[in-house]
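Student: Encoded as structure tokens, here's the structure I'll be asking about.
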Amino acid sequence: MERTTFSLLFYIRRNKLNKNGEAPVFMRLTVNGQRADASVKRFIAPRLWNTAKGKAHEKTREGKDLNLYLDAISANILRIQRDMELDRLEVSAQTILDRYLGKTNSDRHTLMEVFRAHNDKCKALSGISFAPGTVIRYETSLRLTGEFMRNTYKKEDMYLDELSAQFVEDYEFYLKTVRKCCHNTTAKYLMNFKKIIRIALAKGWLKKDPFAQIRFHLEPVERDFLEKHELKILLDKKIEIVRLAQVRDIFGFCCLTGLAFTDVQQLKPEHIVTDINGTKWIRKARQKTRNMCNIPLLDAARKILARYEDNPYCQVHGVLLPVCSNQKMNAYLKELADICGIRKNLSTHCARHTFATLTLASGATIENVAKMLGHANTNMTRHYARILDSSIVRDMQTVAKNMALES
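Structure (structure tokens):
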């Protein structure tokens, strides 16, 4: 059998400089005297290139990064050559290059290709099957995945069959160290990424699941909520600053109704209904789950709505409350907490936890609270509710009364 001669070198084309004065880097494969050339999609200043060695000078960070990228290409090319020889396939400069560029296998898809296709569908279904926040979350996941590959593997993209459990472990390490994400945030980004992998597996584009032996769990988070006396202080506090007064009213309304930020932002007159007994209710499908919320309006909540009946913003947008962005709301709530002397980390979601906890502590059943919150079952409601000391005292008084021995 004739021995195959093989060589790979990198060079730059000095006559094709870009607008920054940088030359494109090319690779040249030579097998049995036949050559095939291709761009590696990288540029470098000619003065930083070592023609004799076929690599960049390593005096700069740019040069070191480029050489790492070229080393990765060399490793891939050599692996392809070895695999083709083991499979007894025709080995030539062009066939090796075609396989490296993915031209010989129409079923060979890249990670970013699948990720972008998924996100494009999400955008098209925004407001239909996907909440706008979900679309944004997957766009963020796509961006972080791209950053991770450039940072760790010096690549813009990877073929699906190149993914492994090590890739997932490296991604987790990157999120926690470089991006400084906490455990739960890291887990959520990896869960988003895992969905893309499941799509690839379902389509048969990926044979081995890189998540096969990897499990994620979310650590329990103790979220702040307001106790009854704290909520009363907040609602009764006289506030002269208009923006803070409005944020206080909106936050208080959420504490009295359990509505999530998006739902109170979208609350319209048609969501308020009156039953045959004259009781006013909020009947609205949740933006996140489409589950229906059925919430009786307390007097305090009705008074808050009455303050904004003639508000210009509400009239123009057809809503009941002038809700600003979630980011501004959370920033202003920090100011409110300081003004009211509340030493807790207030956020828009804190109001939902407050509603769940106070209604249960006041004697409402968990099934009714779940219905008001728009939960499909009571398991989610238990995550929102806390057991207050006052509830324990009340229950123990009942226990003491029932256990009293006759004299």
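Per our numbering, the very first residue in the sequence shown carries number 3; after that it's consecutive.
In this text, a Cβ means the ideal position worked out from N, Cα and C, and glycines have one as well.
This one's a predicted model, so the numbers in the text were calculated from it and none came from an experiment.
#1: Distance check for Leu113 and Cys326, CA to CA, integer angstroms please.
#2: From Lys373 to Asn296, what does the alpha carbon distance come to, in whole angstroms?
#3: Might you give, ordered along the chain, the residues of its own chain that have their beta carbon closer than 6 Å to the beta carbon of Asp226, omitting 5 neighbours on each side?
#4: Just the C-alpha distance for Thr350 and Asn328, rounded to the nearest angstrom, thanks.
#5: Look at the alpha carbon of Leu19 and the alpha carbon of Glu158, and state the distance between them as a whole number of angstroms.
#6: To the nearest angstrom, how far is the alpha carbon of Asn313 from that of Pro324?
#7: Would you mind stating whether Met29 and Ala40 have Cβ atoms separated by less than 7 Å?
#8: Is the CB-CB distance between Thr276 and Lys282 below 7 Å?
#9: What number of angstroms, rounded off, separates the C-alpha of Gly35 from the C-alpha of Val180?
#10: Would you call the CB atoms of Phe8 and Val33 closer than 7 Å?
#11: To the nearest angstrom, how far is it from the Cα of Thr259 to the Cα of Trp207?
#12: Pull the bridge partners of Ile274 from the DSSP assignment, please.
#13: Hey, how far is the Cα of Leu362 from the Cα of Leu375?
#14: Return the chain-ordered list of same chain residues with a C-beta closer than 6 Å to the C-beta of Cys124, the five sequence neighbours on each side being excluded.
#15: Report yes or no: do the segment 116-123 and the segment 185-204 share at least 3 C-beta pairs separated by less than 8 Å?
#16: Among the residues of its own chain, which have a CB less than 7 Å from the CB of Gln289, if the five just before and after it don't count?
#17: For a test of the three-state rule: what should DSSP assign to Leu31, helix, strand or coil?
#18: Return the chain-ordered list of same chain residues with a C-beta closer than 8 Å to the C-beta of Thr383, the five sequence neighbours on each side being excluded.
#19: Can you give me the start and stop residues for the alpha helix (DSSP H) that Gln329 sits inside?
#20: Count the other C-beta atoms from every protein chain shown that fall within 10 angstroms of the C-beta of Thr97, then say buried if there are 16 or more, exposed otherwise.
#21: Straight-line CA distance for Gly320 to Tyr310?
#22: Output yes or no for whether 7 Å exceeds the beta carbon distance between Ile75 and Trp51.
#23: Would you check if the distance between the CB atom of Tyr71 and the CB atom of Lys156 is smaller than 7 Å?
#24: Just to confirm my understanding: we take Leu233, look at its own chain, exclude 5 residues before and 5 after, and list those with CB closer than 8 Å. What are they?
#25: Assign Ser166 to one of two classes, buried (16 or more other C-beta atoms within 10 Å of its C-beta) or exposed (fewer than that).
#26: So what's Met382 in DSSP terms, helix, strand or just coil?
#27: Does the beta-carbon distance from Ala189 to Phe218 come in below 7 Å?
#28: Closer than 8 Å by C-beta to Asn379: which residues in its own chain qualify, once you throw out the five before and the five after it? Chain order, please.
#29: Going by DSSP, which residues form a beta bridge with Lys403?
#30: Quick check on the burial criterion: 16 or more other C-beta atoms within 10 angstroms. Buried or exposed for Tyr191?
#31: So what does Ser128 bridge to, in DSSP terms?
#32: Straight-line CA distance for Leu203 to Arg110?
#33: If you run the structure through DSSP and keep just helix, strand and coil, what is Phe117?
#34: Taking the alpha carbon of Lys336 as the reference point, which residue from Ser364, Arg304, Ala287 and Leu236 has its own alpha carbon closest?
#35: Return the first residue and the last residue of the beta strand (DSSP E) that Met294 is part of.
#36: Roughly how far, in whole angstroms, is the beta-carbon of Ala1 from the beta-carbon of Asn293, given that I think they are within contact range, below 8 Å?
Tutor: So, from the data block:
#1: Rounded to whole angstroms, Cys326 to Leu113 spans 37 Å at the Cα level.
#2: Here the alpha carbons of Asn296 and Lys373 stand approximately 6 Å from one another.
#3: Answer for Asp226: Lys346, Asn347 and Cys352, listed in chain order.
#4: Their Cα atoms are separated by approximately 7 Å.
#5: About 22 Å.
#6: Each residue's Cα considered, the two are about 8 Å apart.
#7: With respect to Ala40, Met29 sits close: the two C-beta atoms are nearer than 7 Å.
#8: Cβ atoms of Thr276 and Lys282: closer than 7 Å.
#9: Each residue's Cα considered, the two are about 46 Å apart.
#10: Result yes, Cβ atoms of Phe8 and Val33 sit closer than 7 Å.
#11: If you take the alpha carbons of Thr259 and Trp207, they lie about 47 Å apart.
#12: By DSSP's assignment, Ile274 forms a beta bridge with Ile284.
#13: Those two C-alpha atoms are separated by around 12 Å.
#14: Within the same chain, Cys124 has close Cβ partners Phe132, Val137 and Tyr140.
#15: These segments touch.
#16: Within its own chain, the residues whose Cβ lies closer than 7 Å to the Cβ of Gln289, once the five positions on either side in sequence are excluded, are Ala133, Thr264, Asp265 and Gln268, listed in chain order.
#17: Leu31 falls in the strand class under three-state DSSP.
#18: Here the set comprises Ala358, Ile368, Val371, Ala372, Leu375 and His377.
#19: Looking at the DSSP string, the run of the alpha helix (DSSP H) that includes Gln329 is Asn328 to Cys342.
#20: Counting Cβ neighbours within 10 Å, Thr97 comes out buried, since at least 16 surround it.
#21: Distance between the alpha carbons of Gly320 and Tyr310: 12 Å.
#22: No Cβ-Cβ contact shorter than 7 Å links Ile75 with Trp51.
#23: In contact: Tyr71 and Lys156 (Cβ atoms closer than 7 Å).
#24: If we look at Leu233 and ignore the five residues flanking it on each side, its Cβ neighbours are Gly254, Cys257, Thr356 and Leu360.
#25: Taking all protein chains shown into account, Ser166 has fewer than 16 neighbouring C-beta atoms within 10 Å of its C-beta and is therefore exposed.
#26: Note: Met382 maps to helix in three-state DSSP.
#27: Against a cut-off of 7 Å, the Cβ pair of Phe218 and Ala189 comes out as a contact.
#28: Beyond the five residues adjoining it in sequence on each side, Asn379 comes within less than 8 Å, by CB distance, of Ala372 in the same chain, given in chain order.
#29: Per the DSSP secondary-structure output, Lys403 pairs with nothing in a beta bridge.
#30: Buried, by the Cβ-count rule.
#31: Listed as beta-bridge partners of Ser128 by DSSP are Phe132.
#32: If you draw a straight line from the Cα of Leu203 to the Cα of Arg110, it is about 12 Å long.
#33: Three-state result, Phe117: helix.
#34: Comparing Cα positions, the closest option is Leu236.
#35: Met294 to Pro298 is the extent of the beta strand (DSSP E) around Met294.
#36: This structure gives no information on residue 1, because the portion of the chain shown stretches from 3 to 409.
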